[in-house]
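See structure below.
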Amino acid sequence: MSGDYRIKGAGRLTPARTARFTFDGKIYPALEGDTVASALLANGVHLIGRSFKYHRPRGFLSAGPEEPNALIDVSRDSLRKQPNVRATVQEVFDGAIIASQNRFPSLSFDLSAINDLLSPMFAAGFYYKTFMWPKAAWHRVYEPLIRRAAGLGKAPSEPDADHYSGRYAHCDV
């Protein structure tokens, strides 16, 4: 049976069909049909991410696609990776490798959480005034640092390994 925090005999998922997935390097059991969020909650995991600016700990806030805190990185292997997926809508599959985002080096111990202590110095939009000069440092120093601290996932660097029936040269705006 997966998850010590499940209500026995309740729910629509059958305990006979299980899956195993990895979240931040630790293997968890799940029931087939679980979302990542429900599987993590069933296993007692509540810390799912960190806030963008101050890196404060974040848990689940909702159960649907509007979830603001539970952005994860889902991959099957090194060639099939998708960042910025909401844990409340992603179904668990056997062998899934799931990683939290916006933390360094780990979710439970985030060095960037020092930003919370320095929050009085980080007023809204402080970077628009602080990083004005020297102008030459903008593209090489300031912009890469700000982008890295933004908190979203990293896009895959390898080409997509899957084949699709259609190819579109332009995006639909």
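Oh and the sequence shown: position 162 is 167 in the numbering used here, straight run, nothing missing. All C-beta atoms, glycine included, are put in the ideal place defined by N, C-alpha and C.
For this session: With a cut-off of 8 Å on the beta carbons, I'd call D99 and K86 a contact; round off their distance for me.
Result: Position 94 of the sequence shown, counting from 1, holds the residue named residue 99. Position 81 of the sequence shown, counting from 1, holds the residue named residue 86. Not a contact, Cβ separation roughly 17 Å.
Problem set entry | Coil, strand or helix - N89 by DSSP | On the sequence shown, position 84 is the one that residue 89 refers to. Note: N89 maps to strand in three-state DSSP.
Exercise. How long is the line joining the alpha carbons of V146 and W138, rounded to whole angstroms?
Worked result: As a working note, residue 146 is residue 141 in the sequence shown. As a working note, residue 138 is residue 133 in the sequence shown. Answer to the nearest angstrom: the Cα atoms are 11 Å apart.
Exercise. So V50 and F26 are in contact, right, with Cβ under 8 Å, and what is the actual spacing, rounded?
Worked result: To locate residue 50, count along the sequence shown from 1; it is residue 45. To locate residue 26, count along the sequence shown from 1; it is residue 21. No, V50 and F26 are not in contact; Cβ-Cβ is about 12 Å, not under 8 Å.
Exercise. Looking at A92 and I103, is the spacing between their C-beta atoms short of 9 Å?
Worked result: For this step, residue 103 is matched to residue 98 along the sequence shown. For this step, residue 92 is matched to residue 87 along the sequence shown. Taking 9 Å as the Cβ cut-off, I103 and A92 qualify as a contacting pair.
Exercise. If you check the beta carbons only, do G54 and A75 fall under 9 Å apart?
Worked result: The residue labelled residue 54 in the question sits at position 49 within the sequence shown. The residue labelled residue 75 in the question sits at position 70 within the sequence shown. In terms of Cβ geometry, G54 and A75 form a close pair [threshold 9 Å].
Exercise. Which first and last residues belong to the beta strand (DSSP E) in which L76 is found?
Worked result: Position 71 of the sequence shown, counting from 1, holds the residue named residue 76. Start and end: L76 to S80.
Problem set entry | Beta-carbon separation (whole angstroms), V90 vs A44, contact threshold 8 Å | Translated into positions along the sequence shown, residue 90 becomes position 85. Translated into positions along the sequence shown, residue 44 becomes position 39. Not really, about 14 Å apart at Cβ, beyond 8 Å.
For this session: Report the residue from Y59, L46 and R22 whose alpha carbon sits nearest the alpha carbon of A37.
Result: The residue given as residue 37 occupies position 32 in the sequence shown. Note on identity: in this sequence residue 37 is Glu, with Ala being the wrong assignment. Of the listed residues, the one whose Cα sits closest to E37 is R22.
Exercise. If you draw a straight line from the alpha carbon of H144 to that of T135, how long is it in whole angstroms?
Worked result: Counting from 1 along the sequence shown, the entry for residue 144 is found at position 139. Counting from 1 along the sequence shown, the entry for residue 135 is found at position 130. One C-alpha to the other measures close to 14 Å.
Problem set entry | For I119, three-class secondary structure by DSSP | Position 114 of the sequence shown, counted from the first residue, corresponds to residue 119. In this structure, I119 counts as helix in the three-state DSSP scheme.
Problem set entry | For Y169, the residue or residues it bridges with in DSSP | Residue 169 sits at position 164 when you count from the first residue of the sequence shown. Y169 is not bridged to any residue.
For this session: Per DSSP, which residues does T27 bridge with? Please list them.
Result: If you number the sequence shown from 1, residue 27 lands on position 22. Looking at the DSSP assignment, T27 forms a beta bridge with I32 and I102.
Problem set entry | Residue burial classification, L122 (beta-carbon count within 10 angstroms, cutoff 16) | Position 117 of the sequence shown, counting from 1, holds the residue named residue 122. Exposed: under 16 other Cβ atoms inside 10 Å.
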